[in-house]
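These notes concern the structure reproduced below.
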Amino acid sequence: ASKEATIERPSKEEVTSDTADTADTALFTDMESATDEQLLEELEGALNPLPKRKRLPRSVSGSELNPKEKPEITPAVIVNKVRWTPAVKGAGEKGRGAVKEVLEKISWSVHQGQKVGLIGPNGCGKSTQLLMLMDQIEPGGGRIMKYPSDMKIAYMQQEADLDNTKTASEELFATFNDRTLAQIDADIDACSSEDRLDDLTTYIEERAKAEDHLAEVELMVSKLGLEAYRDTLVREMS
Numbered sequence: 404a405s406k407e408a409t410i411e412r413p414s415k416e417e418v419t420s421d422t423a424d425t426a427d428t429a430l431f432t433d434m435e436s437a438t439d440e441q442l443l444e445e446l447e448g449a450l451n452p453l454p455k456r457k458r459l460p461r462s463v464s465g466s467e468l469n470p471k472e473k474p475e476i477t478p479a480v481i482v483n484k485v486r487w488t489p490a491v492k493g494a495g496e497k498g499r500g501a502v503k504e505v506l507e508k509i510s511w512s513v514h515q516g517q518k519v520g521l522i523g524p525n526g527c528g529k530s531t532q533l534l535m536l537m538d539q540i541e542p543g544g545g546r547i548m549k550y551p552s553d554m555k556i557a558y559m560q561q562e563a564d565l566d567n568t569k570t571a572s573e574e575l576f577a578t579f580n581d582r583t584l585a586q587i588d589a590d591i592d593a594c595s596s597e598d599r600l601d602d603l604t605t606y607i608e609e610r611a612k613a614e615d616h617l618a619e620v621e622l623m624v625s626k627l628g629l630e631a632y633r634d635t636l637v638r639e640m641s
């Protein structure tokens, strides 16, 4: 005699919470009208769910922070509908802009703890936006809000603006905008011979500050592993 497999339909009360938790939606929501094949398919999907798709990074085309409100998390920067057109050299007294607008209603934001990347082809205005944050370029429209307004922003140029006539250590020392010790010593000698005690004190203090900065340069040279290149001209380094 042949045997037939039958499926006993469980009541809703008999469906355990453990089984229900494995499905994205409730099981057997319409048991009365469902066929045996539909029940088997639904049960199979619940016991062997498909792996969840990885969440891809999303691109942000607008500001996540409301430009009309002060952000709760600071420091923060909000770029709101910024426009910019580069000036055309020799365009006349009024300095007419180029026909093509580089930045057109650009909006984005970033606050403490976030990392934001500006991605795009060359010439699309990525560096221009960063220079706007540094107040080195004025937007042609829109506005940039910084909280707090006096925040300090560090910016590394794409191409270093270095003096190729200086050595590596001299270029590092130049970041302090100090005069050389030889220049300061010349003023100290002049004050001593002319009995200018007030100026002498000022120059002595300046020399002490420059010596501290030289010590910091030596520390940087050591940390960067540039001991062998201390006296190498910048133009000879890549």
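Residue numbering for the sequence shown follows the working numbering, beginning at 404 and increasing consecutively. Built from N, CA and C at the ideal position, the CB exists for glycine as well. Because the structure is a prediction, the values reported are computed rather than measured.
Spatially closest choice to residue i from the options, by CA coordinates
i	options	result
Q586	I607, K569 and A563	I607
G545	H514, T568, V485 and R582	V485
M554	P452, E639 and P478	P478
E504	E467, W487 and L443	W487
L533	E619, N525 and Q560	Q560
G465	V519, E475, L443 and L442	V519
Y558	S552, K529 and P542	K529
N567	P470, R638 and G448	R638
S510	N525, L468 and G523	L468
Q539	Y632, I556 and G523	I556
P489	T531, G628 and E475	T531
P524	F576, I476, L506 and V624	L506
K508	P542, D564 and A449	P542
Sheet register partners of residue i (DSSP bridge)
i	result
S512	I481
Y550	A479
G523	Answer by DSSP bridge pairing: none, since G523 is not bridged.
T438	Answer is none; T438 lacks a bridge partner.
L387	The chain is shown from 404 up to 641; residue 387 falls before or after that span and cannot be answered.
G544	R486
L506	W487
Endpoints, the alpha helix (DSSP H) within which residue i is located
i	result
Q586	L584 to E597
T531	K529 to L536
Which of helix, strand or coil DSSP assigns to residue i
i	result
R486	strand
G448	helix
T605	helix
E630	helix
L617	helix
L350	Within the shown structure, residues of the chain are numbered from 404 to 641, placing residue 350 beyond reach of any answer.
I556	coil
E562	coil
K612	helix
F579	coil
G498	Note that G498 scores a pLDDT of 47, beneath 50, so its modelled location is shaky; the value from the coordinates is reported in the next line. In the structure shown, G498 sits in coil (DSSP, three-state: anything other than H, G, I, E or B).
Closer than 8 Å to chain C by CB, residue i
i	result
L450	Protein chains in the displayed structure number just one, and chain C is not present.
Query - Cβ contact check for the region 590-601 and the region 564-577: 3 or more pairs under 8 Å - result: Pairwise C-beta distances place the region 590-601 out of contact with the region 564-577, as fewer than three of them are shorter than 8 Å.
Query raised in the report: Is it a yes or a no for the region 574-584 touching the region 510-530, going by three-plus beta-carbon pairs under 8 Å?
Result: The region 574-584, when compared against the region 510-530, does not touch it at the 8 Å Cβ threshold.
Query raised in the report: For the 8 Å Cβ check, are there 3 or more pairs between the region 539-556 and the region 469-487?
Result: Short answer: they touch.
Query raised in the report: Counting pairs of beta carbons, one from the region 548-557 and one from the region 609-616, are three or more of them closer than 8 Å?
Result: Flag = no, the region 548-557 and the region 609-616 do not touch.
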